[in-house]
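Chains as they are written, first to last, in numbering that gives the first Met the number 0: chain Y, 0 to 244; chain U, 0 to 263. Just so you know, even glycine gets a beta-carbon here, dropped at the ideal spot from N, CA and C.
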Amino acid sequence: MTDPTSNPTTDPKDFIAGMDSNARKSPTRVVFVTRRTSAQVKVADEDQVQTYPEVLFRALVAIEVLTIALVGVALLFNAPLEGIANPLVTPNPAKAPWYFLGLQEMLHYFPPVVAGVLAPGLVVMALIVIPYFNINIEAEGLFLKDRKRRLLIFYLVAAGLSLFLLVIPEQPMYVALVPTLIVAGFMALAAQNSPQSPSAFRRYLAAKPLSFWIMTWFLFELTVLTAVGTFFRGPGWSWVLPWRS
Amino acid sequence: MAKTITDYFEELRGTRVWRSVFRSGTGSSTLHRALAVQQNVFLHLFSTKVRTRMLSFSTTWYLGTLTFGTLLILVGTGIPLMFYYHPSVPQAYADTKDLQFVVSSGLFLRNLHRWSAHAMVFLVFAHMFKVFYRGAYRPPREFNWVIGVILLLITLLLSYTGYLLPWDQLAFWAITVGSNIASAVPVMGNKVHFLMLGGNVVNANALLRFYVLHCMILPLVAILFVAIHFWRIRKDGGLYAHQSEPTTVAAESVPAAAKGGQFQ
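Printed below as a string of structure tokens:
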């Protein structure tokens with residue numbers, strides 16, 4: 000090891016962590032890992048393209064295609080416009096915008112504080128906390144570990160939720176029960192399978208984590224309730240068939 | 000050899016005026032392409048390079064881009080619509096009728112605005128589910144997911160406030176049904192309902208409130224959050240690339256680092 004002070008041409012700053020090298024000519028990097036630092040080493044670079052022009056061009060084409068499609072729709076279909084607002088004449092049924100019809104469908108079964116405040120509030124809270132739960136980050140197949148206990152919890156939750164939808168609302172809420180039972184059926188199938196299962200679909204189900212099942216259930220309920228509220232509800236919020244008016 | 004359009008464009012880019020406007024200057028080297036993004040106040044929200052894999056359609060279905068596209072269309076059609084609209088009762092309805100039958104292309108403008116608004120709500124939901132199923136909310140992108148949820152709520156509010164503006168039966172009763180839900184909030188439900196409508200029922204005050212929210216406050220808030228949303232993509236390491244994210248060597252594999260720092 001050279002003593003940096005013995006060579007007058009070497010700047011003392013070039014001396015790095017006891018390595019005998021000239022840092023300007025052949026940089027040798029030495030990493031110190033101290034007590035409170037966790038070392039994160041990023042490896043593997045992959046193919047990249049320039050944002051300008053490649054990515055911006057593609058975005059422009061995507062937006063252009065969308066614009067053409069929407070202009071086509073705007074030329075073919077007129078936006079609805081009814082008679083002037085009249086507080087004295089209530090249409091039957093009076094419907095909220097389509098994206099709130101899932102909520103309005105729930106209002107048919109639950110008191111407003113549950114369907115209109117509690118339920119959407121909980122949904123927004125649930126959406127916000129998704130990335131802050133480690134179980135969502137690890138994303139392991141729901142029934143791959145601790146199978147017996149998890150299966151028991153799953154049966155209890157599925158049965159409890161189904162019972163809740165049948166008993167608690169003012170009338171049995173079949174529109175929410177059917178999607179719940181379908182998703183529960185797929186979950187039960189997932190529990191019978193593992194990554195070694197013969198069919199690709201069964202392996203796919205077996206690998207799905209809890210967050211996947213909850214979100215899929217939510218998406219299914221949202222779609223069904225919104226579709227029912229939009230197309231299948233008529234005067235007095237009774238069932239109607241949209242193709243028979 | 001005759002000059003091509005590209006040559007003229009390059010000449011234009013070299014002029015003193017152009018260079019005073021765009022800081023990146025002429026040239027098409029990788030450096031200049033990077034500068035074109037990095038030296039532009041709007042484009043610098045994005046990273047200068049993107050993983051090639053992220054451009055394939057199946058990765059994102061371009062849902063975020065398309066949602067932004069609907070926002071652009073809505074601003075572009077919304078401003079001309081404002082020129083023909085008075086937020087007062089009953090003039091609002093008469094103006095909407097005029098847009099249908101009197102104003103040149105008024106019908107087209109209103110149609111495009113309304114269908115794009117529906118498309119935006121749909122695309123925001125689709126974008127959210129796509130991001131979820133891709134697992135793209137994972138750290139360090141947690142907060143951008145939260146901003147996305149906020150943008151979803153802003154989008155719903157924008158669409159909802161716009162719903163009242165034509166002042167027809169459809170608008171009036173949809174807002175009446177929706178705003179009645181606010182009354183169900185425990186303890187202060189009626190106060191919230193009153194604050195929202197500027198009265199106990201949907202009336203001229205509600206129309207004015209919804210108009211100001213729809214044309215001014217909510218778009219500004221939306222644009223602010225969209226800017227943060229885009230900027231965070233760059234800051235959080237670009238679009239989430241499934242599985243071949245740069246492998247992170249965990250602290251545990253570094254001997255003695257995490258466990259007290261002493262070689263035992």
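Restricting to Cα atoms, I'd like to know which of U:Ala125, U:Leu163, U:Ser57 and U:Pro139 is closest to Leu212 (chain U).
Locating residue 212 (chain U) in the second sequence gives position 213, counting from the first residue. For Leu212 (chain U), the closest alpha carbon among the candidates U:Ala125, U:Leu163, U:Ser57 and U:Pro139 is that of U:Leu163.
For chain Y, is any of its Cβ atoms less than 9 angstroms away from the one on Val20 (chain U)?
The residue you call residue 20 (chain U) lines up with position 21 of the second sequence. By this cut-off, Val20 (chain U) is not an interface position.
Would you say Glu45 (chain Y) faces chain U, with C-beta separation under 9 angstroms as the test?
Stepping through the first sequence from its first residue, residue 45 (chain Y) is reached at position 46. Using a CB distance cut-off of 9 angstroms, Glu45 (chain Y) counts as an interface residue toward chain U.
Are Ala183 (chain Y) and Ala205 (chain Y) touching if we call contact CB-CB under 9 angstroms?
Taking the first sequence and counting its residues from 1, the one referred to as residue 183 (chain Y) is at position 184. Taking the first sequence and counting its residues from 1, the one referred to as residue 205 (chain Y) is at position 206. Against a cut-off of 9 angstroms, the Cβ pair of Ala205 (chain Y) and Ala183 (chain Y) comes out as no contact.
Determine the DSSP secondary structure at Trp60 (chain U), reduced to helix, strand or coil.
Here residue 60 (chain U) is taken as the residue at index 61 of the second sequence, counted from 1. Coil at Trp60 (chain U), not helix or strand.
Members of the segment 21 to 51 of chain U that neighbour chain Y once the beta carbon cut-off is set at 8 angstroms
Listed by position, the residues of the segment 21 to 51 of chain U near chain Y (Cβ gap below 8 angstroms) are Thr29, Arg32, Ala33, Ala35, Val36, Leu42, Phe45, Ser46, Thr47, Lys48, Val49, Arg50 and Thr51.
Thr225 (chain Y) versus Y:Val54, Y:Ala175 and Y:Ala199, residue with shortest Cα-Cα distance:
Start at 1 with the first residue of the first sequence, and residue 225 (chain Y) comes out as number 226. Nearest option by C-alpha distance: Y:Ala175.
For Ala203 (chain U), is the beta carbon positioned less than 8 angstroms from some heavy atom of the ligand COA?
As presented, the structure is devoid of all ligands, the ligand COA included, so that no description of it is given.
Could you check which residue in U:Arg140, U:Ile222, U:Lys96 and U:Arg133 has the C-alpha nearest to that of Tyr131 (chain Y)?
On the first sequence, residue 131 (chain Y) is found 132 positions in, with the first residue counted as 1. For Tyr131 (chain Y), the closest alpha carbon among the candidates U:Arg140, U:Ile222, U:Lys96 and U:Arg133 is that of U:Arg140.
So the alpha helix (DSSP H) Lys190 (chain U) belongs to, where does it begin and stop?
Counted from its first residue, the second sequence places residue 190 (chain U) at position 191. First-last of the alpha helix (DSSP H) with Lys190 (chain U): Gly188 to Leu196.
If you count every other CB in all the chains shown that lies within 10 Å of the CB of Asn110 (chain U), and 16 or more means buried, which is it?
Within the second sequence, residue 110 (chain U) is the residue found at index 111, counting from 1. Answer is buried; the Cβ neighbour count reaches 16.
Beta-carbon spacing of Leu122 (chain U), Val225 (chain U) below 9 angstroms:
On the second sequence, position 123 is the one that residue 122 (chain U) refers to. On the second sequence, position 226 is the one that residue 225 (chain U) refers to. Going by C-beta atoms, Leu122 (chain U) is not nearer than 9 angstroms to Val225 (chain U).
Is the number of C-beta pairs between the segment 105 to 112 of chain Y and the segment 165 to 174 of chain Y that are closer than 8 angstroms three or more?
Result yes; three or more Cβ-Cβ pairs closer than 8 angstroms.
Near-chain U residues of the segment 192 to 215 of chain Y - C-beta to any C-beta below 7 angstroms:
The residues in question are Met214.
When you check each C-beta in the segment 98 to 117 of chain U against every C-beta of chain Y, which residues fall closer than 7 angstroms?
Identification of residues in the segment 98 to 117 of chain U having a C-beta nearer than 7 angstroms to some C-beta of chain Y yields Gln99, Leu106, Phe107, Arg109, Asn110, Leu111, Arg113, Trp114 and Ser115, given in sequence order.
Residues near Pro92 (chain Y) in its chain [Cβ-Cβ closer than 8 angstroms; skip 5 each side]
Translated into the one-based positions of the first sequence, residue 92 (chain Y) becomes position 93. Excluding positions up to five away in sequence, the list reads Arg232, Gly233, Pro234, Gly235 and Trp236.
Is the Cβ of Ala157 (chain Y) closer than 9 angstroms to any Cβ of chain U?
As a position in the first sequence, residue 157 (chain Y) is number 158, starting the count at 1. It does not; no Cβ of chain U falls within 9 angstroms.
Just to check my reading of the structure: Lys48 (chain U) and Gln47 (chain Y) have Cβ atoms closer than 8 angstroms, yes? What is that Cβ distance to the nearest angstrom?
For the purposes of this step, residue 48 (chain U) is taken as residue 49 along the second sequence, with counting starting at 1. For the purposes of this step, residue 47 (chain Y) is taken as residue 48 along the first sequence, with counting starting at 1. Your pair Lys48 (chain U) and Gln47 (chain Y) checks out as a contact, with CB atoms roughly 4 angstroms apart and the cut at 8 angstroms.
Could you pull the DSSP bridge partners for Asp167 (chain U) from this structure?
Position 168 of the second sequence, counting from 1, holds the residue named residue 167 (chain U). As a beta-bridge residue in DSSP terms, Asp167 (chain U) pairs with Y:Ile83.
Mind reading off the beta-carbon distance from Ser23 (chain U) to His31 (chain U)? Whole number of angstroms is fine, and I expect it under 8 angstroms.
Numbered from 1 along the second sequence, position 24 holds the residue referred to as residue 23 (chain U). Numbered from 1 along the second sequence, position 32 holds the residue referred to as residue 31 (chain U). That belief holds up - the Cβ atoms of Ser23 (chain U) and His31 (chain U) are roughly 6 angstroms apart, short of 8 angstroms.
C-alpha gap between Pro208 (chain Y) and Ile129 (chain Y), whole angstroms
Within the first sequence, residue 208 (chain Y) is the residue found at index 209, counting from 1. Within the first sequence, residue 129 (chain Y) is the residue found at index 130, counting from 1. Cα-Cα distance, rounded: 13 angstroms.
Using only the alpha-carbon positions, how far apart do Val156 (chain Y) and Thr179 (chain Y) sit?
Counting from 1 along the first sequence, the entry for residue 156 (chain Y) is found at position 157. Counting from 1 along the first sequence, the entry for residue 179 (chain Y) is found at position 180. Cα-Cα distance, rounded: 11 angstroms.
Quick one, are the C-beta atoms of Leu102 (chain Y) and Ala114 (chain Y) less than 9 angstroms apart?
Translated into positions along the first sequence, residue 102 (chain Y) becomes position 103. Translated into positions along the first sequence, residue 114 (chain Y) becomes position 115. At the C-beta level, Leu102 (chain Y) and Ala114 (chain Y) come within 9 angstroms of one another.
Let me check understanding here. Comparing Cα to Cα, which of U:Leu206, U:Leu98, U:Ala240 and U:His117 lies closest to Trp166 (chain U)?
Counting from one through the second sequence, the residue named residue 166 (chain U) turns up at place 167. Selection U:Leu206, U:Leu98, U:Ala240 and U:His117 evaluated against Trp166 (chain U) yields U:Leu206 as nearest (Cα-Cα).
Using a Cβ-Cβ cut-off of less than 8 angstroms, list which residues of the segment 56 to 84 of chain U approach chain Y; keep chain order.
Taking 8 angstroms as the Cβ-Cβ cut-off against chain Y, the residues of the segment 56 to 84 of chain U that qualify are Tyr61, Thr64, Leu65, Phe67, Gly68, Thr69, Leu71 and Ile72.
To test your reading of the DSSP string, which unbroken alpha helix (DSSP H) runs of 4 or more residues are found completely within the segment 19 to 55 of chain U?
The qualifying runs are 29 to 37.
Contact list for the segment 181 to 204 of chain U against chain Y, Cβ threshold 9 angstroms:
If the cut-off is 9 angstroms between Cβ atoms, the segment 181 to 204 of chain U has Ala181, Ser182, Ala183, Val184, Pro185, Gly188, Val200, Val201 and Asn202 near chain Y.
Is Tyr108 (chain Y) close to chain U? Criterion is C-beta to C-beta, closer than 9 angstroms.
Reading the first sequence from its first residue, position 109 is the one you call residue 108 (chain Y). No, Tyr108 (chain Y) does not count as interfacial toward chain U.
Quick check: the segment 54 to 72 of chain U against the segment 111 to 119 of chain U, are at least 3 beta-carbon pairs closer than 8 angstroms?
Verdict: yes, contact present.
Using the rule of at least 16 other Cβ atoms within 10 Å of the residue's Cβ for burial, across every protein chain shown, is Lys94 (chain Y) buried or exposed?
Here residue 94 (chain Y) is taken as the residue at index 95 of the first sequence, counted from 1. It is buried - the Cβ of Lys94 (chain Y) has at least 16 other Cβ atoms within 10 Å.
Taking only the alpha-carbon atoms, compute the straight-line gap between His192 (chain U) and Gly82 (chain Y) and give it to the nearest angstrom.
Reading the second sequence from its first residue, position 193 is the one you call residue 192 (chain U). Reading the first sequence from its first residue, position 83 is the one you call residue 82 (chain Y). So the alpha carbons of these two residues sit roughly 25 angstroms apart.
I'd like the span of the beta strand (DSSP E) that includes Val48 (chain Y), first residue to last.
Against the first sequence, residue 48 (chain Y) aligns to sequence position 49. Here the beta strand (DSSP E) through Val48 (chain Y) covers Gln47 to Gln49.
Hey, Asn77 (chain Y) and Arg137 (chain U): beta-carbon distance below 9 angstroms or not?
Taking the first residue of the first sequence as 1, we reach residue 77 (chain Y) at position 78. Taking the first residue of the second sequence as 1, we reach residue 137 (chain U) at position 138. No.
Considering only their Cβ atoms, is the gap separating Tyr239 (chain U) from Ala61 (chain Y) smaller than 9 angstroms?
What you label residue 61 (chain Y) is simply residue 62 of the first sequence in a count that begins at 1. What you label residue 239 (chain U) is simply residue 240 of the second sequence in a count that begins at 1. Their beta carbons are not under 9 angstroms apart, which means Ala61 (chain Y) does not touch Tyr239 (chain U) by this criterion.
Can you look up Trp242 (chain Y) in the DSSP assignment and give me helix, strand or coil?
Position 243 of the first sequence, counting from 1, holds the residue named residue 242 (chain Y). In the three-state reduction of the DSSP assignment, Trp242 (chain Y) falls in the coil class, being assigned neither a helical nor a strand state.
Work out the CA separation of Met127 (chain U) and Ala203 (chain U) for me, nearest whole Å.
Along the second sequence, one-based indexing puts residue 203 (chain U) at 204. Along the second sequence, one-based indexing puts residue 127 (chain U) at 128. The straight-line gap from Cα to Cα measures roughly 35 angstroms.
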